[in-house]
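Participant: Handing you a structure now.
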Amino acid sequence: MEINNNSRTRVTYISIGEDRAGQRIDNFLFCQLKGVPKKHIYRILRRGEVRVNSKRIRPFYRLISGDSIRVPPVQTATIKPAVLADNFKPGDLENRILYEDKFIIAINKPAGMPVHGGTGQRCGLIEALRLLRTNTAYLELVHRLDLETSGCLLIAKRRSVLRTLHEQFRSNTIRKRYQALLAGCWQKQKQRVDAPIRKQRLADGSRKVYVSSDGKQATTEIRCIQRWNHYTHVECQPLTGRTHQIRVHSQFIGHPIIGDQRYGLSNANKLARAGGLNRQFLHATSLCFKHPENGEIISLDSSLDADLTTFLSTLDGKGRN
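Spelled out as structure tokens, the structure:
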């Protein structure tokens, strides 16, 4: 990675308007200082080199309209622009859009595609959308889905829309439903799983998420759709929004999700791969929320991808219960 020492050689001052009000200062700087490593941005915040209205602030400070931000000289990295994978066609993503207007986009995220680029991933879904919607000035993820999870995902086209939808998520007024295939024959018809979840950052930077009495409150409702001797097809409704919640709660009840490489059973995953399933069987099937502009109730549905329905069809006649 090459360093360009001439990109920002002077102190700059930025005035905050209504469109950025409510955004955290660290997230604002990530957008403003493209190519600057995040660790450097946090360093200049800790050292007080970034000032708001001539005062030191912490990384979680939320901007207010009228704020004046002092940004010190920084070194920006010369990075390669985001590019789509060689085998990816724009129409592939275009055809997965479930709903779009001038405020939001809802898309059926493909399994195996990260929601944003990062380590080892030059281009995620949000970068791909920005390449496809070059005339849209603002596109930001409202929430996230794991790499191997497919289904309904919301993107905001305005900062004010993002704030409104985030508030709906915080107040648990957005309803999400998923379908999953669990390992083993789950004997219950319905279960409400109330099990607190703790998230821990490991030395290598990865996250360890597990049920713990000192974790954050987490609730998932699980309903059986169909059973076989070795599998159970279920619908899951998370009533809270913890990291990996459905995956961890499925493991907690003794029936982890098929294809889950972190929380699943290796033998069950191997058996499913032999049967043609080469991914995690977890799909966000529906999303219900209030439209951020007019308050209309929006209900979106995303059918299971073909590879999932094909695998389910192979189970028919194999010891159904």
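Just so you know, we're using the numbering used here here: the sequence shown kicks off at 12 and counts up by one.
Quick reminder that beta carbons are idealized off the backbone N, C-alpha and C, glycines included.
1. Could you give the first and the last residue of the continuous beta strand (DSSP E) run that contains H244?
2. In chain order, what residues of the same chain lie with their CB nearer than 7 Å to the CB of L213, ignoring the 5 residues before and after it?
3. Between which two residues does the alpha helix (DSSP H) containing N278 stretch?
4. Which term fits N146, buried or exposed, when burial requires 16 or more other beta carbons within 10 angstroms of its beta carbon?
5. Does the Cβ-Cβ distance between G59 and N119 come in under 8 Å?
6. Do you know whose CA, among R188, T243, L173 and S261, lies nearest I208's CA?
7. Determine the contact status of F180 and E304, defining contact as a CB-CB distance below 8 Å.
8. In angstroms, rounded to a whole number, what distance separates the CA positions of D327 and D225?
9. With DSSP as the reference, please indicate the residues paired to K79 in a beta bridge.
10. If you follow the alpha helix (DSSP H) that C42 is part of, which residue opens it and which one closes it?
11. Who are G162's beta bridge partners in DSSP?
12. Indicate whether the contact test is met: 3 or more Cβ pairs, each with one atom in the region 157-174 and one in the region 277-285, closer than 8 Å.
13. Tell me the rounded alpha-carbon separation between P121 and S297.
14. Can you tell me which residues form a DSSP beta bridge with I308?
15. Below 8 Å on the Cβ atoms is my guess for G123 versus E178; work out the distance and round it to an integer in Å.
16. Within this structure, are the beta carbons of H266 and L315 separated by less than 8 Å?
17. Decide yes or no for the touch test of the region 194-202 against the region 241-249: beta carbon pairs closer than 8 Å, at least 3 of them.
18. Excluding the five sequence neighbours on either side, which residues of its own chain have a C-beta within less than 6 Å of the C-beta of T254, listed in chain order?
19. Please classify Q335: is it buried, with 16 or more other beta-carbons within 10 angstroms of its beta-carbon, or exposed?
20. Please classify A93: does DSSP put it in a helix, a strand, or coil?
21. Take P84 as the anchor and find which of L250, T23 and R290 has the nearest alpha-carbon.
Facilitator: Quick look at the numbers:
1. Counting from 1 along the sequence shown, the entry for residue 244 is found at position 233. Run containing H244: Y242 to P249, per the beta strand (DSSP E) assignment.
2. What you label residue 213 is simply residue 202 of the sequence shown in a count that begins at 1. If we look at L213 and ignore the five residues flanking it on each side, its Cβ neighbours are K219.
3. Residue 278 sits at position 267 when you count from the first residue of the sequence shown. That run of the alpha helix (DSSP H) goes S277 to A285.
4. On the sequence shown, position 135 is the one that residue 146 refers to. Exposed, since its Cβ has fewer than 16 Cβ neighbours within 10 Å.
5. Counting from 1 along the sequence shown, the entry for residue 59 is found at position 48. Counting from 1 along the sequence shown, the entry for residue 119 is found at position 108. No, Cβ-Cβ distance for G59 and N119 is not below 8 Å.
6. What you label residue 208 is simply residue 197 of the sequence shown in a count that begins at 1. The residue with the shortest Cα to Cα distance from I208 is S261.
7. Here residue 180 refers to the residue found at position 169 of the sequence shown. Here residue 304 refers to the residue found at position 293 of the sequence shown. No. Outside cutoff.
8. The residue given as residue 327 occupies position 316 in the sequence shown. The residue given as residue 225 occupies position 214 in the sequence shown. Straight-line Cα distance between these residues: approximately 42 Å.
9. The sequence position of residue 79 within the sequence shown is 68, counting from 1. A small fix is needed here, since residue 79 is Ser in this sequence, not Lys. BP columns for S79 point to S26.
10. Start at 1 with the first residue of the sequence shown, and residue 42 comes out as number 31. First-last of the alpha helix (DSSP H) with C42: I36 to Q43.
11. Locating residue 162 in the sequence shown gives position 151, counting from the first residue. DSSP, once it has assigned bridges, lists K120 and A295 as partnering G162.
12. no
13. What you label residue 121 is simply residue 110 of the sequence shown in a count that begins at 1. What you label residue 297 is simply residue 286 of the sequence shown in a count that begins at 1. Going from the Cα of P121 to the Cα of S297 covers about 15 Å.
14. Within the sequence shown, residue 308 is the residue found at index 297, counting from 1. Paired residue(s): K301.
15. The residue you call residue 123 lines up with position 112 of the sequence shown. The residue you call residue 178 lines up with position 167 of the sequence shown. Wrong, their Cβ atoms sit about 31 Å apart, outside the cutoff.
16. As a working mapping, residue 266 is identified with position 255 in the sequence shown. As a working mapping, residue 315 is identified with position 304 in the sequence shown. Not closer than 8 Å, so no.
17. yes
18. The residue you call residue 254 lines up with position 243 of the sequence shown. So the qualifying residues of the chain are K210 and V220.
19. Since the first and last residues shown for the chain are 12 and 332, residue 335 lies out of range.
20. Taking the sequence shown and counting its residues from 1, one reaches residue 93 at position 82. Interpretation of A93 is limited by its pLDDT of 49, a score under 50 that renders its predicted location unreliable; no figure is taken from the coordinates.
21. Sequence index remark: in the sequence shown, residue 84 carries index 73 (1-based). Out of L250, T23 and R290, T23 has the C-alpha closest to the C-alpha of P84.
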